Amino acid sequence: MSITTADVVVIGAGIAGASAAAGLAETLKVVVLEREAHPAMHSTGRSAALFSEIYGSAPVRALSRASRDFLYSPPGGFVEAPIVRPRGALHIASAAQIAQLDAFCALPDIGPAVRRLDSGETHAACSILRPEYVVAAALETASADVDVDLLHQGWLRQFRKLGGDLRLDAEVTELSRSGGGWRIRTASETFHASVVINAAGAWADVVAMMAGVRPIGLQPRRRTAVVVPLPEGQAPDAWPMVIDIDEQFYFRPEAAGLLISPGDETPSDPCDAQPDEWDIAVAIDRVEAATTLQVRRVKRSWAGLRSFVADRSPVVGFAPDAAGFFWLAGQGGYGIQTAPAMGVLATALVLGQGLPSELAEAGVTAETLSAGRDIFAAQSEKAPAAE
Ligand SMILES: Cc1cc2nc3c(=O)[nH]c(=O)nc-3n(C[C@H](O)[C@H](O)[C@H](O)COP(=O)(O)OP(=O)(O)OC[C@H]3O[C@@H](n4cnc5c(N)ncnc54)[C@H](O)[C@@H]3O)c2cc1C
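All residue numbers for the sequence shown refer to numbering that gives the first Met the number 0, where the first residue is 0 and numbers rise by one.
Structure representation (structure tokens):
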């Protein structure tokens with residue numbers, strides 16, 4: 000069997016693998032190996048497509064800030080249409096949740112990014128919210144819907160244009176050290192590369208174990224999305240995305256209906272996640288409690304995996320215990336909105352360069368994301384919206 004050599008082999012062609020591969024292909028010979036026939040088959044093709052600079056842990060928020068310019072003004076020729084479409088994000092609180100809303104707004108990078116709304120203003124922003132349920136909210140106006148397919152395909156197109164080699168239906172089944180680099184096997188081919196990038200999404204720890212590298216304790220968590228019809232006469236396109244401050248549910252307009260989610264985080268093995276009837280019922284129940292909506296039927300539903308390490312920030316960098324093994328994992332519920340900065344950071348670190356200045360200015364530090372940090376320290380269950 001012949002061996003294909005490359006500088007870098009990327010495992011996984013989701014948004015993470017695609018953004019890093021496109022950056023690295025400018026200077027290196029890069030091969031991307033994707034198990035599925037379709038590169039957006041897993042988390043990347045199942046997201047709620049939100050861009051928000053105030054969503055997630057502090058390191059995630061910094062990565063999102065650093066991604067903003069690319070999403071709003073991509074380089075010429077990258078895509079043929081806008082990647083983002085502005086949509087406010089309305090973080091709502093019931094009377095019992097005011098303390099959480101206050102704590103959220105008190106965070107130094109969140110306060111200036113939101114406007115506090117009272118009950119009447121909140122109702123004016125989204126007319127189906129029940130005034131007796133929602134007593135206050137914080138509105139982020141700089142958030143947006145992301146055209147995930149456009150963004151993902153933009154990077155894959157750029158990768159191929161730069162001579163990158165994307166193999167679909169190419170599951171990596173064996174990984175071993177060889178000649179100062181890595182030997183990577185699929186069912187039909189063998190590759191050799193100095194660097195392996197582990198961008199395998201929910202399977203990142205499975206890939207690490209295959210390589211004899213210490214896992215990072217990645218926990219995939221299932222999240223459900225449901226699209227329900229709206230009553231005649233509703234014109235919701237201007238509505239913001241509405242997010243319960245404890246992320247017990249969220250909803251936003253989606254193609255003549257409403258996308259709703261119960262904000263579930265059910266631990267799961269890595270798999271082709273499927274929606275559970277119970278989670279669909281919980282989503283409907285919580286949205287009906289907060290709004291005047293009466294859901295009679297479900298148009299469609301799906302589920303996907305959001306994969307976290309204990310401190311809920313991504314892991315980007317070389318493994319401390321295995322030369323040439325690079326982690327690009329743990330993006331949780333933020334892998335779309337952070338992908339531009341994650342791709343730039345991964346490219347710089349693989350090339351042995353320092354932290355790019357635009358990332359440093361946005362508050363990104365390589366240490367808080369590194370595979371060498373104490374990843375197992377902060378065990379937390381589902382965190383409040385901002386942490
Ligand atoms: C319901 C839901 C809502 C979300 N909402 C948002 C949101 O609003 N905003 C946001 O930014 N993010 C959101 N996310 C999170 C976002 O979708 C993920 O963080 C992101 O898609 C992760 O990308 P990835 O490339 O790491 O993973 P994936 O897209 O899963 O890609 C990993 C790829 O690796 C491949 N692979 C695995 N093992 C192997 C192997 N052995 N050999 C070859 N290939 C392999 C898999 O087939 C897969 O295609 C949401 C996720 C879900 C599920």
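Using N, Cα and C, we set each Cβ at its ideal position, and we do this for glycine too.
Keep in mind the model is a prediction, meaning the values are calculated, not measured.
{"Item": "Residue 148 to residue 18, Cα distance in whole Å?", "Value": "13 Å"}
{"Item": "Can you tell me where the alpha helix (DSSP H) holding residue 60 begins and where it ends?", "Value": "57-71"}
{"Item": "For residue 104, count the other beta carbons within 10 Å of its own beta carbon; 16 or more makes it buried, fewer makes it exposed. Which is it?", "Value": "buried"}
{"Item": "Is DSSP giving residue 268 helix, strand or coil here?", "Value": "coil"}
{"Item": "Taking 7 Å as the cut-off, is the C-beta of residue 312 nearer than that to any heavy atom in ligand 1?", "Value": "no"}
{"Item": "Give a yes or no on contact between the region 268-282 and the region 323-331, applying the rule of three or more CB pairs nearer than 8 Å.", "Value": "no"}
{"Item": "Along the chain, where does the alpha helix (DSSP H) that runs through residue 342 open and close?", "Value": "338-349"}
{"Item": "On the three-pair Cβ rule with 8 Å, is the region 197-208 touching the region 248-265?", "Value": "no"}
{"Item": "Using alpha carbons as the reference points, say which of 325, 66, 53 and 327 lies closest to residue 89.", "Value": "53"}
{"Item": "Give a yes or no on contact between the region 127-145 and the region 89-102, applying the rule of three or more CB pairs nearer than 8 Å.", "Value": "yes"}
{"Item": "Which word fits residue 34, buried or exposed, when buried means at least 16 other C-beta atoms lie within 10 angstroms of its C-beta?", "Value": "buried"}
{"Item": "Quick one: residues in its chain with C-beta nearer than 6 Å to the C-beta of residue 150, no 5 flanking neighbours on either side, listed in chain order?", "Value": "82"}
{"Item": "Pair every Cβ in the region 110-122 with every Cβ in the region 156-173, then say whether three or more of these pairs are closer than 8 Å.", "Value": "no"}
{"Item": "Rounded to the nearest angstrom, how far is the Cβ of residue 66 from that of residue 336, given a contact under 8 Å?", "Value": "6 Å"}
{"Item": "Go through its chain and collect everything with a Cβ distance to residue 130's Cβ below 6 Å, but skip five positions before and after it.", "Value": "118 and 122"}
{"Item": "Would you say the beta carbon of residue 180 comes nearer than 7 Å to a heavy atom of ligand 1?", "Value": "no"}
{"Item": "Cα separation between residue 360 and residue 228?", "Value": "43 Å"}
{"Item": "Short of 8 Å in beta carbon distance, which residues of its chain neighbour residue 366, apart from the five on each side in sequence? Order them along the chain.", "Value": "372"}
{"Item": "Pick from 346, 271 and 259: whose alpha carbon is nearest that of residue 243?", "Value": "259"}
{"Item": "Who are the near neighbours of residue 388 in its chain, counting only those whose CB is closer than 7 Å to its CB and skipping five residues on each side?", "Value": "Coverage of the chain is limited to positions 0 through 386, which leaves residue 388 absent and any answer about it impossible."}
{"Item": "With distances taken between CB atoms, is the gap from residue 219 to residue 263 smaller than 8 Å?", "Value": "no"}
{"Item": "Are the Cβ atoms of residue 347 and residue 355 separated by less than 8 Å?", "Value": "yes"}
{"Item": "Going by CA-CA distance only, name the one from 71, 159 and 56 that's closest to residue 12.", "Value": "159"}
{"Item": "Among 322, 38, 145 and 71, whose alpha-carbon lies nearest the alpha-carbon of residue 49?", "Value": "145"}
{"Item": "Would you identify the three-state DSSP class for residue 189, choosing helix, strand or coil?", "Value": "strand"}
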